[in-house]
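Note sheet for the following structure.
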Ligand SMILES: [Zn+2]
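Residue numbers (the working numbering): 17 to 388.
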């Protein structure tokens with residue numbers, strides 16, 4: 017067992033080292049999928065996986081971190097804690113399941129403290145059929161210039177227009193138009209891309225290498241940035257409404273109503289109905305495996321603050337893409353705002369993350385083993 021602060025890190029390099037060390041100390045099998053670019057400190061980047069349990073376990077729990085880069089500081093903490101948790105290891109053995117810890121789904125964003133991939137793409141909007149017409153998002157197109165002004169921080173007059181939009185359409189519509197996903201503005205927010213990203217292709221490879229052939233998969237993907245501070249919302253995560261997997265998710269993770277499962281399709285979630293979600297990787301690469309997936313979404317700061325932090329981040333990235341210099345002090349402010357939006361660095365918050373994350377993993381182990 018390690019302490020709460022010991023499980024968490026302040027850089028990708030530190031988080032990766034802790035993950036690899038904890039997995040090695042637990043005697044788990046490791047595999048790394050190297051990323052072609054370097055990290056913020058010049059370090060190597062990779063998607064790393066550690067496997068626990070019988071090699072051919074029919075039931076597999078996949079616990080993943082860093083789909084949204086900077087959100088990985090949260091999920092990595094849950095993984096590192098679990099890897100050193102004797103009670104958890106005993107439960108895994110007792111239930112006869114396999115556990116795949118997937119660390120740094122988007123290692124580039126994790127290291128550079130950005131939510132998106134090196135392609136400026138939101139990985140959880142990137143699982144689309146790129147041979148078919150991509151879904152339009154006219155609401156985003158209308159907002160793009162408001163979200164990304166010429167100068168940052170924006171003028172009061174500019175922000176008054178944003179506030180007027182929110183007042184006129186309501187906060188939920190504003191949030192939905194910004195966050196649902198869009199495929200028309202590569203420099204914009206929540207861009208789903210026009211091709212599969214490195215992380216998309218690599219997650220699919222992980223599915224073929226580690227999940228294909230199993231009977232049942234429970235997938236918990238750790239996220240931050242929506243909901244009340246420290247509260248973990250279990251969001252049923254499938255690319256399309258799926259009643260059978262929703263019922264399984266409720267049975268496994270719902271805690272008889274204590275830890276309710278929400279859905280992006282019926283308005284019960286803090287998340288808008290997003291498109292291009294990552295669990296498609298399991299459904300498409302492992303069609304014979306029964307997949308039940310949730311996003312464990314932990315709250316940090318109010319959603320409008322989160323979106324403002326992302327506006328600053330994308331503004332700075334667009335400046336760099338267009339060859340302009342971003343002042344170091346301003347960049348530091350922008351990065352700090354992103355850090356505040358996705359990683360609350362207090363022991364209280366981290367303790368809340370670990371206890372609920374751990375609970376969700378024990379629930380999954382019972383659900384997979386049919387012990388309910
Ligand atoms: Zn996220």
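Glycine included, every Cβ here is placed at the ideal spot set by N, Cα and C.
Enclosing beta strand (DSSP E) for residue i [first to last residue]
i, result
"residue 168", "Element bounds for residue 168: n/a, residue is neither H nor E."
"residue 47", "45-54"
"residue 308", "306-315"
"residue 235", "232-245"
"residue 80", "75-80"
"residue 65", "60-68"
"residue 279", "277-279"
"residue 252", "248-252"
Contact test: residue i Cβ vs ligand 1 heavy atom, cutoff 7 angstroms
i, result
"residue 128", "no"
Cβ shell of residue i (< 7 angstroms), same chain only, five flanking positions each side left out
i, result
"residue 107", "378 and 381"
"residue 241", "87, 316, 322, 357 and 358"
"residue 20", "363, 366, 367 and 370"
"residue 36", "46 and 64"
"residue 385", "75, 111, 112 and 113"
"residue 219", "121, 294 and 297"
"residue 142", "208, 209, 212, 213, 216 and 292"
"residue 44", "66, 67 and 68"
"residue 135", "209 and 213"
"residue 95", "35, 79, 81, 117 and 119"
Unbroken alpha helix (DSSP H) run spanning residue i, endpoints
i, result
"residue 190", "187-195"
"residue 374", "363-385"
"residue 89", "88-99"
"residue 115", "Careful: residue 115 lies outside any alpha helix (DSSP H), inside the beta strand (DSSP E) at 114-119."
"residue 202", "Residue 202 -> no alpha helix (DSSP H), and no H or E assigned at all."
"residue 28", "28-41"
"residue 341", "First-last for residue 341: undefined, no H or E at that position."
"residue 126", "123-128"
"residue 322", "319-337"
"residue 9", "Beyond the ends of the chain as shown, which are 17 and 388, falls residue 9; an answer cannot be given."
"residue 259", "259-269"
Own chain residues within Cβ distance below 6 angstroms of residue i, not counting five before or after
i, result
"residue 351", "129"
"residue 139", "83, 122, 133 and 215"
"residue 247", "315"
"residue 28", "55, 126 and 127"
"residue 50", "62"
"residue 228", "302"
"residue 361", "none"
"residue 39", "46, 66 and 99"
"residue 160", "201 and 204"
"residue 324", "none"
"residue 151", "291"
"residue 59", "29"
Supposed contact pair residue j and residue i - C-beta distance, whole angstroms, cut 8 angstroms
i, j, result
"residue 182", "residue 117", "Contact doesn't hold; Cβ gap of about 39 angstroms is too wide."
"residue 186", "residue 198", "Their Cβ separation, rounded to whole angstroms, is 19 angstroms, which puts residue 186 and residue 198 out of contact at 8 angstroms."
"residue 192", "residue 56", "Residue 192 to residue 56, Cβ: 32 angstroms. No contact."
"residue 63", "residue 53", "About 13 angstroms; that fails the 8 angstroms criterion."
"residue 253", "residue 295", "5 angstroms"
"residue 206", "residue 373", "At roughly 25 angstroms, the Cβ-Cβ gap does not stay under 8 angstroms, so residue 206 and residue 373 are not in contact."
"residue 334", "residue 74", "About 48 angstroms separates the two Cβ atoms, so there is no contact after all."
"residue 337", "residue 203", "6 angstroms"
"residue 155", "residue 114", "Not a contact, Cβ separation roughly 42 angstroms."
"residue 195", "residue 290", "7 angstroms"
"residue 224", "residue 301", "5 angstroms"
"residue 331", "residue 164", "5 angstroms"
"residue 299", "residue 131", "No, residue 299 and residue 131 are not in contact; Cβ-Cβ is about 24 angstroms, not under 8 angstroms."
Neighbourhood of residue i by C-beta distance below 8 angstroms, restricted to the same chain and skipping five residues each side
i, result
"residue 269", "250, 275, 277, 310, 376, 379, 380 and 383"
"residue 101", "17 and 374"
"residue 308", "232, 233, 234, 235, 261, 264, 265, 268 and 383"
"residue 355", "86, 129 and 361"
"residue 243", "249, 286, 313, 314 and 315"
Contact test: residue i Cβ vs ligand 3 heavy atom, cutoff 7 angstroms
i, result
"residue 94", "Summarising the ligand content, the structure contains ligand 1 and does not contain ligand 3."
For ligand 1, residues whose Cβ lies under 5 angstroms from any non-hydrogen atom: 84, 87 and 239
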